[in-house]
Structure formats: structure tokens, C-alpha cells
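J.: Taken in order, these protein sequences are the chains called A and B. For the first sequence, the positions run 1 to 398 when the numbering used here is used. For the second sequence, the positions run 1001 to 1496 when the numbering used here is used.
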Amino acid sequence: MAHVAGGASNNRAVARMTTLTVSSPANVRDHVRDASARGTALRIVGAGTWLDAGRPVRAVESLSTHGLSGIVDYVPGDLTLTALAGTSLAEIRQEAGKHNQWLALDPHGAEAGTLGATISTASAGPVVTAFGTPRDLVLGIEFVTGTGSVARAGGRVVKNVAGFDLTRLMTGSWGTLAVITEATVRLHACPQVDETIAVTIAGDAASVDQTRQLLRRLAFTPYACEVLSAPLAADAVGRNEPIVLFRMAGNMESVAAQRAALIELGEPFDVSPEAWTTLRAAEPPGAIVFRLSRHPSEIGTTWEEASRIVEGISGALLHATLARGVVRCIVPNASENVARLAIALANPVQSKRIGERLPEQLWAAAFPSRAMVGIGGRLKQAFDPRGVLNPGILGDPK
Amino acid sequence: MAASPTVSHSASPPASLIDQSLADRLAAIVGARRVLYRPSELLTYTADALPSYFKQPALAVFPGTRDEAVAVVRELAARGVPFVPRGAGTGLSGGALADGIVLVGLNRLTRVISVDPDNMTATVEPGVVNVALSRAVAAYGLHYAPDPSSQAACTIGGNVAENAGGPHCLKYGVTTNHILALEVILPSGEIVTLGGVDGENEGFDLVGSFVGSEGCFGIALAITVRLSRNPEAVRTLLADFMSIDAAAQTVSAIVATGIIPAALEMIDQATIRAVESSIYAAGYPTDAAAALLIELDGALAGLEHDVETVATHCRANGARTVRIARDEVERTRLWQGRKKAFGAMGRVSSHLVVQDAVVPRTKLPEVLAEIHNIGQRQRVKVCNVFHAGDGNLHPNIAYDASDADETARVHVAMREIMTLCVDAGGTITGEHGVGLDKLPYMDLIFSPDSLAAMCTLREVFDPERRSNPGKVVPVHACREWHMSPAARPTIGRSRA
Chain A
1 MAHVAGGASN NRAVARMTTL TVSSPANVRD HVRDASARGT ALRIVGAGTW
51 LDAGRPVRAV ESLSTHGLSG IVDYVPGDLT LTALAGTSLA EIRQEAGKHN
101 QWLALDPHGA EAGTLGATIS TASAGPVVTA FGTPRDLVLG IEFVTGTGSV
151 ARAGGRVVKN VAGFDLTRLM TGSWGTLAVI TEATVRLHAC PQVDETIAVT
201 IAGDAASVDQ TRQLLRRLAF TPYACEVLSA PLAADAVGRN EPIVLFRMAG
251 NMESVAAQRA ALIELGEPFD VSPEAWTTLR AAEPPGAIVF RLSRHPSEIG
301 TTWEEASRIV EGISGALLHA TLARGVVRCI VPNASENVAR LAIALANPVQ
351 SKRIGERLPE QLWAAAFPSR AMVGIGGRLK QAFDPRGVLN PGILGDPK
Chain B
1001 MAASPTVSHS ASPPASLIDQ SLADRLAAIV GARRVLYRPS ELLTYTADAL
1051 PSYFKQPALA VFPGTRDEAV AVVRELAARG VPFVPRGAGT GLSGGALADG
1101 IVLVGLNRLT RVISVDPDNM TATVEPGVVN VALSRAVAAY GLHYAPDPSS
1151 QAACTIGGNV AENAGGPHCL KYGVTTNHIL ALEVILPSGE IVTLGGVDGE
1201 NEGFDLVGSF VGSEGCFGIA LAITVRLSRN PEAVRTLLAD FMSIDAAAQT
1251 VSAIVATGII PAALEMIDQA TIRAVESSIY AAGYPTDAAA ALLIELDGAL
1301 AGLEHDVETV ATHCRANGAR TVRIARDEVE RTRLWQGRKK AFGAMGRVSS
1351 HLVVQDAVVP RTKLPEVLAE IHNIGQRQRV KVCNVFHAGD GNLHPNIAYD
1401 ASDADETARV HVAMREIMTL CVDAGGTITG EHGVGLDKLP YMDLIFSPDS
1451 LAAMCTLREV FDPERRSNPG KVVPVHACRE WHMSPAARPT IGRSRA
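(1) Answer yes or no: do A201(A) and V227(A) have a C-beta to C-beta separation smaller than 9 Å?
(2) Pick helix, strand or coil for Q101(A), following the three-state DSSP scheme.
(3) Give the interface partners of L1292(B) over in chain A, defined as CB-CB distance under 7 Å, in chain order.
(4) Please list the partners that G1430(B) has in chain A, where partner means a Cβ-to-Cβ separation under 9 Å.
(5) How is the alpha helix (DSSP H) around I1029(B) delimited, first residue to last?
(6) Using only the alpha-carbon positions, how far apart do A1003(B) and E1416(B) sit?
(7) Taking 9 Å as the cut-off, decide whether the C-beta atoms of N347(A) and A316(A) are in contact.
(8) Applying a beta-carbon distance threshold of less than 8 Å, which residues of chain B neighbour P285(A)?
(9) Could you say which of D30(A), C190(A), L20(A) and S62(A) lies nearest to K98(A) if we only look at CA atoms?
(10) Which residues does DSSP pair with H319(A) in a beta bridge?
(11) Along chain B, which residues have their Cβ under 9 Å away from the Cβ of D384(A)?
(12) Return the Cβ separation of V1129(B) and T1176(B) in integer angstroms, given the expectation that the two are a contact with Cβ distance under 8 Å.
(13) Residues of chain A with CB under 7 Å from H1305(B), in chain order?
(14) Let me make sure I understand the geometry here. Which of L245(A), A282(A) and V373(A) has the alpha-carbon closest to that of E267(A)?
(15) Ignore the nearest five residues each way along the sequence and tell me which others in F269(A)'s own chain have a CB closer than 6 Å to its CB.
(16) Since E1295(B) meets chain A, which of its residues come closer than 7 Å, beta carbon to beta carbon?
(17) So, helix, strand or coil for R1229(B), using DSSP?
(18) If I'm right that V157(A) touches V1072(B) with Cβ under 8 Å, what's the distance once you round it to whole angstroms?
(19) Tell me, please, whether the CB atom of D1390(B) is closer than 9 Å to any CB atom in chain A?
(20) Tell me whether K352(A) sits in a helix, a strand or coil according to DSSP, three-state version.
(21) H108(A) versus chain B: which residues are under 8 Å apart at the beta carbon?
(22) Look up Y1053(B) in the DSSP assignment and give the residues it is bridged to.
(23) Using the DSSP secondary-structure output, state which residues sit across from Y1399(B) in a beta bridge.
(24) Is the number of C-beta pairs between the region 1453-1460 of chain B and the region 1381-1393 of chain B that are closer than 8 Å three or more?
(25) Excluding the five sequence neighbours on either side, which residues of its own chain have a C-beta within less than 7 Å of the C-beta of R386(A), listed in chain order?
(26) Taking the alpha carbon of Q361(A) as the point to measure from, which residue in L341(A), A26(A) and V237(A) has its own alpha carbon closest?
(27) Identify which residue in L1103(B), G1127(B) and G1141(B) has its Cα closest to the Cα of M1120(B).
(28) Short check: CB of P397(A) to CB of R378(A), under 9 Å?
(29) Got a sec: is the Cβ-Cβ distance from R239(A) to anything in chain B below 9 Å?
(30) Using a beta-carbon distance cut-off of less than 8 Å, what residues from the region 1451-1463 of chain B approach chain A?
(31) I want to see whether chain A comes within less than 9 Å of F1446(B), judged by CB atoms only; does it?
(32) Which runs of the beta strand (DSSP E), 3 residues or longer, sit entirely within the region 1081-1117 of chain B?
(33) Determine the chain A residues that contact M1442(B) at a beta-carbon separation under 8 Å, and present them in chain order.
(34) Hey, would you say V32(A) sits closer than 9 Å to L63(A), going by beta carbons?
(35) Is the Cβ of F220(A) closer than 9 Å to any Cβ of chain B?
(36) May I have the straight-line CA-CA distance separating R1086(B) from G1094(B), to the nearest angstrom?
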């Protein structure tokens, strides 16, 4: 969820829309029913910090869940928390922190971003390495379908197989099937020691792959392990050279051993945990952001391909989540950069591509959607037959 | 919603859908030996591991290859015949029972298709036995983490259908956290690929939607799983307590430390005694009110420190003794008592109902106390052996099914226990699934609109609701197709 000052066309379009505000799930239901009856498409919005993410939405009005805010239930002993969709990640962090607990989700962008948006987009940041995506942390949701039906799935307990898994279906569906109004998430207790360490690497495919091989071999899983390109490392830790940023947690003995294991990459140096905050908010306003991925074992090649695509673009930043085989590319939004990317992406690209924030011409040219093909399209038709929820954001049913 | 009255599912299929011509056609696909329709041959398939339900399939067919499975499903689709997929039949919810329809057994599809040790994934056919998969990848220092107690017999396909759990799911997650991709044949005969391992997948979490669908969305032909590294070190502890309350408080204390045990199991006195008087005797103290079986694993560095922290919390909360297994033999023995507890209880009486519910962990003390009261009130013997770390209860009642009065009291007690767990903010099943057994409880936790949303999802995968009809979502919520008497099979019964 990035702080966006209005660089992208999507954002400006939403700003011009009539915004429907809500203060209860019943409001959401009424607005969706009304929109469905009128056949009026809605742009579903959380805090509005990430409006230029996803494909352009063909909507007339926007429905903001921002007013649907607050923690509904939190029993620290159960390590579960239930909050309304518009609750900010910052509020959850603050509340859980009082009990030495945390929600292991650190999506890119500002902490003002909402729980609902994080779940709807299945956004994950560096701690995905140890804790998985929202799909692994969301225990239950309440939602309003495209027909205005209010339903619940999952529950407030950590293990649950009662009924079909609508929680997983809705998580990452980008608000195209339903509007999430409330969610219960699993929390984790904070570790005894939580250290951030960096190691300088050469930054070529071989060094990235060497790091991955080490990660594969280690007897422990770090909370996070990201490769940062030199300019990004300059922002995050003040050294203008490629680095691997590790977050190591556990008891003192364990963290010391984890640190020692990194020696084969290079001499580890301590950095402030603020480096993660910088990384999460690295993209300049209106930046173009997309991800490339393959098998994790091919991360060296994927990194190389990403480097080639952004080669020569001033201000381009790259970082890779090794455990998932994903390289995230951040490019300042300027017309010459769009033109360069259009050419680079028109050449054969071996990696899978996922767009986060792109100008319209790049979406159309280089990021074909497969989400609404086959079963995806049937799901859209079944849950939102009038097509009123975020039409276009994941592509169109085929 | 697609579950609206405009969608008609009430039309009965023509009579005699399951007839000799179908049997002959299926025999042509899989071989005559692999098509069963005489009642005596079908006896094995009238129940799963839950001895409360018996349903007679009209016919059972056992494809031996992926292509045969595809051909079978397409033949059934062409004829509009409803069917139930089945793995090893170790389910505990009556989910794999076929009432007068076709049972498709997938236990012959046992091929490990590929293993990618570098990316820690494997692709297998649905009939691969859970523990056999771990054995197949052991040479790479890997294993498949979800470990239901039936892991020596249950299949990965069945695990996917049920979103199976197991003791080690506390740390490693349940089945759905370990499935990366699926090749599925929909009941219509269409083959679809869900998810993938060669990079991120944009769009809906179709894998997550399919896992736990209890055979209602089709049949997984190939399953790609995430493998886990074998831990460098494992420590297993047994702590015994003079009260259940103290054991339950210890569970919360351990979890609050931030240490996530690989497993955190509770065994009550009734279960301990059943185990200790069986061939699975594990050396559990028979005078303890409850014992906790706690396992910590991971990197060796720091592990002993965590073991000490856990042991300290046990003692601080009233543990009488804390025993740490000295070697693999002792560890295996401690686990055997837990894993074979149901078998041991089977010795106590002729029948055993194994219940499955989840409550918030902090509610464990009061819920366990109330379960005890229910047992006393209904004069039934409730044993508890369960995954305490995630609040997943398994109250079991051993009884004599030929005693009508006792059987009735068992059922009343079970219903009271389920209501208790729901009222405590819990759910009606944590890992066994809804199947037939939990159908009556679905209304307790889901509104009609929530159940209708589930039906909508099901209809995307199976618009005709031919795959495992009548399971998971109560009939009234989903307007399930009912087989009319005219449609009853003409095969099998006449030969009885």
C-alpha cells in the first residue's frame, strides 16, 4: 500500500467519483444492493493509499470502507484478533504490541493501509519468508457479495474446516467477488530477539543464487531475507552496494547461530530495523511497480532478467524475496521510462509477470490477465453477476 | 447467488442410470475386476472410519491410472451419474460414503510423479499414502508436514479433500498451507490446472478454494505439495499434571512465550489408562489427570534453551514431572501412545465416536470442565486426546452400539458438546470435515446466506452437484438434488 500523490490515472479517476461512505456492514450491503439494482459499477476503496494498484477499474462511484474501522475482538491468550475492514495496520500493530504480539503482515506501502485492502489484495512483504501470505493468516471473514448478500466464512479459531473455504477464495480476490467488511487474523507472539543484519553481495545472478542456496540449506528460516539492489540499499542502509537484508529472530543462542551461518556470504553487519520500513515505502509517488517470478531455484536468472529490463533507467530499484522466487521492480513514473519498459517487456520475458501499479498502456501491452479465464470468470459471474464490484481490476471474464 | 430458485436441480435423472450398461462400460475402462456391484463385494465401502454411518454404494470403480480416472469421470458425466470420490476410507465424518450412487476409489493412483528437492516440492497422484510421500522424499532430507493420525493409511488426495490436520500442524500448518498446485477433473469431465509452482499466480486462490471441498468440487488427479526440511533436532517432552486445568493453563503459557512447538497435545486420564492397558503402552503415568506431549524441533542451536523454557513453564503451572525423551526409541514410544490412542480406546468398548471441534485456546479449561459434566450427566465415558496448542478438541466416547439406551445418551452428549464448543466461540470441525456427521451442526455456525455463498462456490466447480451430493452444506440451504425412488439403481440389489 503505497502513499500515492496522484501520479497515476487510476487515482485521479477515483478522486472524481462520488464516494459512498459506510459506518456498518449493513451500509455496505445496502450500497451494493442499490448499485446492483442500478447496474452501477463500484470502485471498492480502503484508506485510499493504494488507489493506483491493479488494472484500471471501470467504475462510476467509489465505496469506501474507511469508516468501517475498529478492533471488534482481541483475546491475547488466543493470539487472534478480529477487526473491521477499514482498521489500519498501524492500529493493529499498536494494539497487539501492548501484549507483545504482532500481525505478521508487512505489505509494501504505508501502515495507514487497511486490513481489508491487505486481505483483498493478498499483499505481503518481506516476512512472507517465514509467515506466508494473508492466505495463511486470515482465519475468517465477513463479506458482502455482488448481489448484496452478507455472509461469513471461517471463524475466530485457528483451525477450522467447517464448510467450503470462502475465506481463501475472497483473500486476494481484489474486491471483485465481494466486499470484505470484517476479518479475523492470527497473531504471533514477539520473539525474544529480533535482529536485522545485512551482508554485501556482488549483486549478479551468481551471488543472488548463492544466497538462495544458503537459505535452502540452513536449518532455520529467517523472518525475512531480501536482496536489495545498490540504489535501494543506499536508501535502506546507507550503502550504495547490493546487499542481502536478513531479519533473524528467536532466542539469543539461536540468533547468534543464524548470524554465524551467514559468514560464508560475507561479513554480516548490523543495521537498524528501520531498513524494513524504508524498504516497504521505497517507491516514489506514482511509481511503476511490477513483479517477476519463477521457481525459487531460478531466482538468479529472474534477478538477471529484471536487471536487464530496468537497465539504464535512472532511479530504478529492485528487491527479491528469495524464498518465493520473486523480484519486485520499482521504476519512477516518467514517460521515457514507460517507453523504455514497453520495449523491454515486448522482448521475450521468461519470468511470470504480475503488475502492481502500471500505466494503462503497460497493462494492456505487457501484463495480460489470466485471472478471469475459465473458473475465474465463472466465479465472477456467480458472485457478482451484474459486474458491479471493481470491474476490470483483475481483467475481464473471458 | 446462484443458489437462487431460478437454478433448477430438482429434475430427477432418468431411471436406472446405474445399470449393467454402465458397469460394462466402466469395466471396459478399468477392467472387470475393478468394478464392484455385488453387495457382498461392496461391504468394505459402506462405511469410513466413523462407525456411525452405513451407506451402500450402487457400484464402486477403481481406476488404476490417471487416464482411466479421466475416462471414468467423463463416462459418469455423459450419463449424468452422481458419484463420490474416495481415498483410503479413513475419514471420520462419513464424507466418503455413497448412498446408492457410484463410488470412485482413487487408492490405486499411487505414483509419485516428480520430486523437486531444490524447490522442496513434489507432485503426486491422489492415492499416494501420506507417510509414503514422506518416505519417498526422505533421501533429500525432506518430509511432508501434515500428519493426520491415520497417516500410515490415508491418502494425499483424501487429505486435500478434507484439508486434513495432525499434531504437527500447530507449527507447520494444515494441508491447505502445503498445497501449491492441483490438476483437477471437474465433475463435468473438464480438466483444469489450479495454482502453479513456477512463479506467482495472479488471481483467485483456486487451490485454497478446492482444498477442503470434501470431494464436492471434483477429483484431484495430480497434487503438487510443499515439502519441509527435516528438522536438525527434535526434542519431545511429556509433562503430567494432577488437574486438567493446570495442563490447559500450561498450554496458554507456552504459546505466549513466542516459541511455537511442533506439537502440543493433551491426553486426559481416561485416555492414558486406555493407552497404558493396551499394546501401545507408552509409559504415561496412569494416576495423572492429564499429560501434555510437547515437541520442539528446528535448528539445534537454541533448541535446548527453548526446551528449558517450556519445561520451566510446565513446572511453574504445576507439572508433577517433566520427562524429556532421551533417544529416538523413547520418543517414538511417547508418540505411539498418542497416535494409537483411538485404537487403544477401541479395546474399551465395541464402538467409539471420535468427535472433532475447536475452541479458542483460552476457553480450554472451562470447556473441558463442562465436557466432563456432560459425560457425568449423560452417564457416558468421555476421553479427551487432542491438539491443545490450537484448541482442537477430540472428545471420544466408547460405548456399546447394541445398547439402544447408551447409544441415545452418547448422541445427546455429542450434541451437547458441539453446542458447548460453538457457544464458546469455536467451530464444529477442525480437521475431520463436515461430511454427513456435522451436517446438522452447520446451521449453528452459519447463516442461510453464508451457506448459500458456499453453494455458489460449489456450483462454479460442479453446477450439477453430482460430485459427493448431499454432503457439507445442509440440503435445505443448497436445494440438493434428491434421488427419486424411480432413479434407484437397478444393479446389485437384485442380485443380493
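Ideal Cβ positions, reconstructed from N, Cα and C, are used throughout, including at glycine. Predicted model, so just to flag it, every value in this text is computed and none were measured.
T.: Reading it off the structure:
(1) Locating residue 201(A) in the first sequence gives position 201, counting from the first residue. Locating residue 227(A) in the first sequence gives position 227, counting from the first residue. Inspection of the sequence shows that residue 201(A) is occupied by Ile rather than by Ala. Yes, Cβ-Cβ distance for I201(A) and V227(A) is below 9 Å.
(2) Indexing the first sequence from 1 puts residue 101(A) at position 101. Q101(A) falls in the strand class under three-state DSSP.
(3) Sequence index remark: in the second sequence, residue 1292(B) carries index 292 (1-based). Chain A residues near L1292(B): none, gap ~17 Å exceeds 7 Å.
(4) Reading the second sequence from its first residue, position 430 is the one you call residue 1430(B). In chain order: V157, V158, K159, N160, V161 and A162.
(5) Residue mapping note: residue 1029(B) aligns to position 29 of the second sequence, counting from 1. That run of the alpha helix (DSSP H) goes Q1020 to V1030.
(6) Position 3 of the second sequence, counted from the first residue, corresponds to residue 1003(B). Position 416 of the second sequence, counted from the first residue, corresponds to residue 1416(B). The predicted model places A1003(B) with a pLDDT of 36, which falls under 50 and marks its position as unreliable, so this point remains unresolved.
(7) Walking along the first sequence from the start, residue 347(A) turns up at place 347. Walking along the first sequence from the start, residue 316(A) turns up at place 316. In this structure, A316(A) does not lie closer than 9 Å to N347(A) by Cβ.
(8) Reading the first sequence from its first residue, position 285 is the one you call residue 285(A). In chain order: nothing, as chain B lies at least about 25 Å away.
(9) Translated into the one-based positions of the first sequence, residue 98(A) becomes position 98. Closest by alpha carbon: C190(A).
(10) Here residue 319(A) refers to the residue found at position 319 when the first sequence is read from its first residue. According to DSSP, which records beta bridges pairwise, H319(A) is partnered with L228(A) and R328(A).
(11) On the first sequence, position 384 is the one that residue 384(A) refers to. Simply none; closest approach about 10 Å.
(12) Residue numbering aside, residue 1129(B) sits at position 129 when the second sequence is read from its first letter. Residue numbering aside, residue 1176(B) sits at position 176 when the second sequence is read from its first letter. That belief does not hold up - the Cβ atoms of V1129(B) and T1176(B) are roughly 20 Å apart, past 8 Å.
(13) By one-based count along the second sequence, residue 1305(B) stands at place 305. Residues of chain A passing the Cβ test: N251 and E253.
(14) Translated into the one-based positions of the first sequence, residue 267(A) becomes position 267. Ranking L245(A), A282(A) and V373(A) by Cα distance to E267(A) puts L245(A) first.
(15) As a first step, residue 269(A) is located in the first sequence; it is residue number 269 there, counting from the start. Result list for F269(A): A198, in chain order.
(16) What you label residue 1295(B) is simply residue 295 of the second sequence in a count that begins at 1. Those within 7 Å of E1295(B) in chain A number zero; the least Cβ separation is about 16 Å.
(17) Counting from one through the second sequence, the residue named residue 1229(B) turns up at place 229. Reduced to three states, the DSSP call for R1229(B) is strand.
(18) What you label residue 157(A) is simply residue 157 of the first sequence in a count that begins at 1. What you label residue 1072(B) is simply residue 72 of the second sequence in a count that begins at 1. That belief does not hold up - the Cβ atoms of V157(A) and V1072(B) are roughly 38 Å apart, past 8 Å.
(19) Within the second sequence, the letter at position 390 stands for residue 1390(B). Yes, because at least one Cβ of chain A sits closer than 9 Å to the Cβ of D1390(B).
(20) As a first step, residue 352(A) is located in the first sequence; it is residue number 352 there, counting from the start. Strand.
(21) Translated into positions along the first sequence, residue 108(A) becomes position 108. Within chain B, no residue comes near H108(A); the closest Cβ sits about 14 Å away, beyond 8 Å.
(22) Position 53 of the second sequence holds residue 1053(B). According to DSSP, Y1053(B) bridges with nothing at all.
(23) Start at 1 with the first residue of the second sequence, and residue 1399(B) comes out as number 399. Its beta-bridge partners are H1351(B).
(24) no
(25) As a first step, residue 386(A) must be located in the first sequence, where it is residue number 386. Excluding positions up to five away in sequence, the list reads S36, G39 and G146.
(26) Within the first sequence, residue 361(A) is the residue found at index 361, counting from 1. Answer by Cα proximity: L341(A).
(27) In the second sequence, residue 1120(B) corresponds to position 120, counting from 1. Checking every option, the nearest Cα to that of M1120(B) belongs to G1141(B).
(28) Counting from 1 along the first sequence, the entry for residue 397(A) is found at position 397. Counting from 1 along the first sequence, the entry for residue 378(A) is found at position 378. Yes, the Cβ-Cβ distance between P397(A) and R378(A) is below 9 Å.
(29) Walking along the first sequence from the start, residue 239(A) turns up at place 239. By this cut-off, R239(A) is not an interface position.
(30) L1451, A1452, A1453, M1454, T1456, L1457, R1458, E1459, V1460 and F1461
(31) On the second sequence, residue 1446(B) is found 446 positions in, with the first residue counted as 1. True, the Cβ-Cβ gap to chain A drops below 9 Å.
(32) 1083-1086, 1102-1105 and 1112-1116
(33) For the purposes of this step, residue 1442(B) is identified with residue 442 of the second sequence, where counting begins at 1. The contacting residues are A162 and G163.
(34) Stepping through the first sequence from its first residue, residue 32(A) is reached at position 32. Stepping through the first sequence from its first residue, residue 63(A) is reached at position 63. Yes, Cβ-Cβ distance for V32(A) and L63(A) is below 9 Å.
(35) Numbered from its first residue, the first sequence carries residue 220(A) at position 220. Chain B, which has a Cβ nearer than 9 Å to the Cβ of F220(A), makes this yes.
(36) Position 86 of the second sequence, counted from the first residue, corresponds to residue 1086(B). Position 94 of the second sequence, counted from the first residue, corresponds to residue 1094(B). Their backbone Cα atoms lie some 11 Å apart in a straight line.
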